[in-house]
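Visitor: Here it is: the structure, laid out below.
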Amino acid sequence: YRETITKKARADYRHKKQSGGAGQFGEVHLIVEPYAEGMPDPTSFTFNGQEFKMNIKSREEVSLEWGGKLVFLNSVVGGAIDARFMPAILKGIMDCMEHGPLTGSYARDVRVIVYDGKMHPVDSNELSFMLAARRAFSDAFKQAGPKILEPIYDLEVYVPADYMGDVMSDLQGRRALIMGMDSEAGYQKLSAKIPLKELANYSISLSSLTGGRASFTTKFASYELVPTDIQSKLIAEHEAELAKEAE
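Sequential numbering from 1 applies to the sequence shown in UniProt numbering.
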């Protein structure tokens, strides 16, 4: 599974820790929003009904190892956060992208705009800003309509016409979307899109339905939002696992 967001949200967090000698201080204000390939960078944002102009100082587009992208924009003005702390802020965000808040799955397709913050002449360091960014990003992500994505596969089934009804009925019970049917070499070719989870034991089921006379091929297609009831179930399962680990 993967996680993503569906709307814009804003959050800020101040990390402050005082101990003997130098302490820790870092404050990060940021915006998260869904990202789609080719989206233009924003020129302004609205907060509490007021529009703020945005001056992009730097832009980093990260192609994530697990698919999708993270776009990181530095729009801090007036030296509120020194540019040398931006890599630490990005690292804090990347840490969160590796463990989404819903199920702990990888997150993808998010744009983050860091637009303000504060630093201390003595106590600010990379660790402080990394921790502040982690918390600010996590808070914003949870407010941004987070959703779970599941892998969808293209499925082609080659089946004798006599068994077509049973095969279609079985696929519909597996949340498959039938895309089309065609005749090919004496068989019916049925094309569909199906969640990877629903392909579990499909080979056995298809063989049982057709007496071993059907075959199929699959190919990864995309990630799509899971239905609401399944999302609720996945979140509950993840929370139960966390509770068990905490015992």
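The C-beta atom is built at its ideal place from N, Cα and C for all residues, glycine as well. Given the structure is predicted, the values throughout are model-derived calculations rather than measurements.
1) The beta strand (DSSP E) with serine 63 in it runs from where to where?
2) Counting only the same chain and skipping the five closest in sequence on each side, list residues whose C-beta sits under 7 Å from that of methionine 44.
3) Find the nearest neighbour of histidine 120 within the set Gln24, Tyr13, Lys69, Ser232, judged by alpha-carbon distance.
4) Give a yes or no on whether the C-beta atoms belonging to alanine 214 and leucine 155 are separated by under 8 Å.
5) Where does aspartate 41 sit, in a helix, a strand or coil, going by DSSP?
6) Thinking valine 226 and leucine 190 are a contact (beta carbons under 8 Å), I'd like their distance in whole angstroms, please.
7) Could you compute how far the alpha carbon of threonine 210 sits from the alpha carbon of methionine 168?
8) State the start and end residues of the unbroken beta strand (DSSP E) segment that holds tyrosine 187.
9) Please state the DSSP three-state secondary structure of glutamine 18.
10) Lysine 17 to serine 63, Cα distance in whole Å?
11) Comparing C-alpha positions only, which one of Ile56, Ala88, Ala200 sits nearest to isoleucine 152?
12) When DSSP builds the beta bridges, which residues end up paired with residue 262?
13) Within the same chain, show all residues whose beta-carbon is closer than 6 Å to that of methionine 39, passing over the 5 residues directly before and after it, in chain order.
14) Let me check one thing: in DSSP terms, what residues is asparagine 74 bridge-paired to?
15) Which whole-angstrom value describes the C-beta separation of histidine 15 and threonine 103, a residue pair presumed to lie in contact below a C-beta threshold of 8 Å?
16) Please name the residue in Leu196, Glu198, Ala161 whose C-alpha comes closest to that of alanine 185.
17) Between which two residues does the beta strand (DSSP E) containing lysine 53 stretch?
18) Would you call alanine 107 buried or exposed, if buried means 16 or more other Cβ atoms sit within 10 Å of its Cβ?
19) Rounded to the nearest angstrom, what separates histidine 99 and glutamate 150 at their Cα positions?
20) Please classify proline 34: does DSSP put it in a helix, a strand, or coil?
Guide: Working from what's here:
1) If you number the sequence shown from 1, residue 63 lands on position 63. From DSSP, the beta strand (DSSP E) with serine 63 extends over 58-63.
2) Here residue 44 corresponds to residue number 44 of the sequence shown, with the count starting at 1. Residue 44 is actually serine in this sequence, not methionine. Only Glu51, Phe52, Lys53, Met54 meet the Cβ criterion.
3) Here residue 120 refers to the residue found at position 120 when the sequence shown is read from its first residue. Cα-wise, what sits closest to histidine 120 is Gln24.
4) For the purposes of this step, residue 214 is taken as the residue at position 214 of the sequence shown. For the purposes of this step, residue 155 is taken as the residue at position 155 of the sequence shown. No, the Cβ-Cβ distance between alanine 214 and leucine 155 is not below 8 Å.
5) Mapped onto the sequence shown, residue 41 falls at position 41. Reduced to three states, the DSSP call for aspartate 41 is coil.
6) The residue given as residue 226 occupies position 226 in the sequence shown. The residue given as residue 190 occupies position 190 in the sequence shown. Rounded, the Cβ-Cβ distance is 24 Å, inconsistent with contact.
7) To locate residue 210, count along the sequence shown from 1; it is residue 210. To locate residue 168, count along the sequence shown from 1; it is residue 168. Between threonine 210 and methionine 168, the C-alpha separation is close to 12 Å.
8) Position 187 of the sequence shown, counting from 1, holds the residue named residue 187. Tyrosine 187 -> beta strand (DSSP E) spans 187-195.
9) For the purposes of this step, residue 18 is taken as the residue at position 18 of the sequence shown. Three-state DSSP puts glutamine 18 in coil, outside helix and strand.
10) Counting from 1 along the sequence shown, the entry for residue 17 is found at position 17. Counting from 1 along the sequence shown, the entry for residue 63 is found at position 63. Rounded to the nearest angstrom, the two C-alpha atoms are 34 Å apart.
11) For the purposes of this step, residue 152 is taken as the residue at position 152 of the sequence shown. Taking only the C-alpha atoms, the option nearest isoleucine 152 is Ala200.
12) Missing from the structure shown is residue 262; the chain here goes from 1 to 247 and no further.
13) Locating residue 39 in the sequence shown gives position 39, where the first residue counts as 1. Closer than 6 Å at Cβ, skipping near neighbours: no residue.
14) The residue you call residue 74 lines up with position 74 of the sequence shown. Ser58, Val114.
15) Here residue 15 refers to the residue found at position 15 when the sequence shown is read from its first residue. Here residue 103 refers to the residue found at position 103 when the sequence shown is read from its first residue. Going by Cβ atoms, the distance from histidine 15 to threonine 103 rounds to 26 Å, so no, they are not a contact pair.
16) Against the sequence shown, residue 185 aligns to sequence position 185. Residue Ala161 is the option with its Cα nearest to alanine 185.
17) Position 53 of the sequence shown, counting from 1, holds the residue named residue 53. Note, lysine 53: beta strand (DSSP E), 50-53.
18) As a first step, residue 107 is located in the sequence shown; it is residue number 107 there, counting from the start. With 16 or more Cβ atoms within 10 Å of its Cβ, alanine 107 is classed as buried.
19) For the purposes of this step, residue 99 is identified with residue 99 of the sequence shown, where counting begins at 1. For the purposes of this step, residue 150 is identified with residue 150 of the sequence shown, where counting begins at 1. Rounded to whole angstroms, histidine 99 to glutamate 150 spans 16 Å at the Cα level.
20) The count along the sequence shown starts at 1 and reaches residue 34 at position 34. Note: proline 34 maps to strand in three-state DSSP.
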